[in-house]
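Residue numbers (our numbering): 3 to 294. What follows is a single structure, written as structure tokens, with notes after it.
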């Protein structure tokens, strides 16, 4: 993120549209008319789909153009080019609900990065399918905690309560920080584009329980983690971030689990940061990620 002058207001604009000549020129002219100073710009032309994607950071001196006036200018351009776009202030802190099961390493990592200011988010809820005493060693810093256990009989009711918490808190993003429950199609659809999941990268192999033990038995040489947007297709949503680590024959299943936790933490944190900094744009089954 850029460092702003105290006399300027910073914005981030992301957009996608059918590719055609003149998009960048029109956008530059629109921002010029708004009195904007572009500080960072990244673009990508997807030849396969014929789509154009762009992320722009810019500053506007305070008092020149209001946010409402800026949005009106961008709306006109978006209509001209058939654009879908998002526009936020750089200072905006998205509200986030974190969901967790018994494995709490990703939850703890996200809370730590938030506390030290590395992740500029506003946690508004922690939802777990285990009681609060399961996490007695974790400081929730006053973040509301919701114990919503899921069984086959209560799944529909509890998912409705989860969505009520998400909507009631005004959450912009839901993070499944090792939440080990399968979301229904209806819930996945309700959270489409605003829910990130993390899991090991063995899928579609080594499904089910004890994946690292299965990997050990097969003698794998690489382990990894994948963070992706949640869709109706379980664990097959558009990928945001991945990472791997090499292992050897000397590593035990416990070693694989330990190394897997480290990878999951950093991959999920990067995916959340890319999302909240508006570095991700959905592109069908894929994701455009404008990394810094």
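The beta carbon of each residue, even a glycine, is placed where N, CA and C say it ideally should be.
Which residue's Cα is closest to the Cα of residue 270: 284, 86, 177 and 193? For the purposes of this step, residue 270 is identified with residue 268 of the chain shown, where counting begins at 1. Nearest C-alpha to residue 270: 177.
message = Can you tell me whether residue 20 is buried or exposed? The criterion is at least 16 other CB atoms within 10 Å of its CB, across all chains shown.
response = The residue labelled residue 20 in the question sits at position 18 within the chain shown. Exposed, because fewer than 16 other Cβ atoms sit within 10 Å of the Cβ of residue 20.
Practice prompt. Count the CB pairs spanning the region 102-114 and the region 172-190 that are closer than 8 angstroms, and state whether there are at least three.
Written response: yes
inquiry  = Which residue marks the beginning of the alpha helix (DSSP H) containing residue 269, and which one marks its end?
reply    = Position 267 of the chain shown holds residue 269. Unbroken alpha helix (DSSP H) run through residue 269: 255-278.
Less than 7 angstroms between C-beta atoms, sequence neighbours within five positions excluded: which residues of the same chain meet that for residue 272?
What you label residue 272 is simply residue 270 of the chain shown in a count that begins at 1. Around residue 272: 243.
Residue 184, DSSP secondary structure in three states: Mapped onto the chain shown, residue 184 falls at position 182. Three-state DSSP puts residue 184 in coil, outside helix and strand.
- Message: If you reduce the DSSP assignment to three classes, tell me which class residue 134 lands in.
- Response: The sequence position of residue 134 within the chain shown is 132, counting from 1. Helix at residue 134.
Residues in the same chain with beta-carbon distance under 6 angstroms from residue 132, minus the five sequence neighbours each way, listed in chain order, please.
For the purposes of this step, residue 132 is taken as residue 130 along the chain shown, with counting starting at 1. Around residue 132: 104.
**Q.** CB contact flag (residue 115, residue 16, <7 angstroms)
**A.** What you label residue 115 is simply residue 113 of the chain shown in a count that begins at 1. What you label residue 16 is simply residue 14 of the chain shown in a count that begins at 1. Contact: no.
| Taking the alpha-carbon positions, what's the residue 148 to residue 128 distance? | Taking the first residue of the chain shown as position 1, residue 148 is located at position 146. Taking the first residue of the chain shown as position 1, residue 128 is located at position 126. Between residue 148 and residue 128, the C-alpha separation is close to 6 angstroms.
* May I ask you to verify whether the region 212-222 touches the region 181-197, counting CB pairs closer than 8 angstroms and requiring at least 3? => no
Could you tell me which whole alpha helix (DSSP H) segments of length 4 or greater appear in the region 46-110? 69-83
Item to complete: Buried or exposed for residue 202, please, with buried defined as at least 16 other CB atoms from any protein chain shown within 10 angstroms of its CB.
Response: On the chain shown, residue 202 is found 200 positions in, with the first residue counted as 1. Result: buried.
request  = Give the straight-line distance between the Cα atoms of residue 3 and residue 31, rounded to the nearest whole angstrom.
outcome  = Working through the chain shown from its first residue, we reach residue 3 at position 1. Working through the chain shown from its first residue, we reach residue 31 at position 29. The predicted model places residue 3 with a pLDDT of 49, which falls under 50 and marks its position as unreliable; any figure quoted below should be read in that light. Whole-angstrom Cα-Cα distance: 23 angstroms.
*asked:* Do residue 10 and residue 76 count as a contact pair if the criterion is CB distance below 7 angstroms?
replied: Start at 1 with the first residue of the chain shown, and residue 76 comes out as number 74. Start at 1 with the first residue of the chain shown, and residue 10 comes out as number 8. Not closer than 7 angstroms, so no.
When you compare the CB positions of residue 232 and residue 239, do they come within less than 7 angstroms of one another, or not? On the chain shown, residue 232 is found 230 positions in, with the first residue counted as 1. On the chain shown, residue 239 is found 237 positions in, with the first residue counted as 1. For residue 232 and residue 239, yes; Cβs fall inside 7 angstroms.
**Message:** Check whether the region 44-53 and the region 78-93 touch, using three or more Cβ-Cβ pairs below 8 angstroms as the test.
**Reply:** no
What are the start and end residues of the alpha helix (DSSP H) that includes residue 170? Counting from one through the chain shown, the residue named residue 170 turns up at place 168. Unbroken alpha helix (DSSP H) run through residue 170: 157-171.
Item checked: Check whether residue 125 and residue 98 have beta carbons under 7 angstroms apart -> Within the chain shown, the letter at position 123 stands for residue 125. Within the chain shown, the letter at position 96 stands for residue 98. It is a contact, given that the beta carbons lie within the stated cut-off.
> Of the residues 194, 274 and 293, which one's Cα is nearest the Cα of residue 96?
Replying inline: Taking the chain shown and counting its residues from 1, the one referred to as residue 96 is at position 94. Selected option, being the one with the closest Cα: 274.
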